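Residue numbers (our numbering): 102 to 226. These notes are about the structure you will find just below.
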């Protein structure tokens, strides 16, 4: 994986550098920045993990798309502004899951298929 691809996928997943470094790479943010800048090669295990997360995002997107098609109209999705908000609704304190739900909700909103709400919408878990 190139450094450009790593950065593109991190941004697609809506992860901050510090979050990706901690949750995926188990490294300092500076090390992650070195990978994204091309100063250091992207380790294979990190490339595999971020690809797996991208696959999970795609699966969640497909699930929501099926639900929208079944409903026959736009649906409301919760958009959690903070990890604390996500934990309050789902009971999970998982940065990666929180960011995946944000990424999927943002994509569907941009496509006009959902409205985003603070609470009362469908949750992605």
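C-beta atoms are modelled at their ideal positions from N, C-alpha and C, and glycine is treated no differently. None of these values were measured; they are calculated from a predicted model.
Distance, residue j Cα to residue i Cα
i, j, result
"residue 201", "residue 116", "9 Å"
"residue 188", "residue 219", "13 Å"
"residue 132", "residue 172", "45 Å"
"residue 105", "residue 180", "28 Å"
"residue 143", "residue 136", "5 Å"
"residue 195", "residue 107", "21 Å"
"residue 163", "residue 205", "9 Å"
Burial state of residue i (16 or more Cβ within 10 Å)
i, result
"residue 211", "exposed"
Residue i, enclosing alpha helix (DSSP H) - first and last residue
i, result
"residue 113", "104-113"
Reduced DSSP secondary structure (H/G/I, E/B, other) of residue i
i, result
"residue 143", "coil"
"residue 183", "coil"
Heavy atom of the ligand PLP within 8 Å of residue i beta-carbon
i, result
"residue 212", "For the structure depicted, the ligand PLP is absent and the ligand set is empty, with no information on it obtainable."
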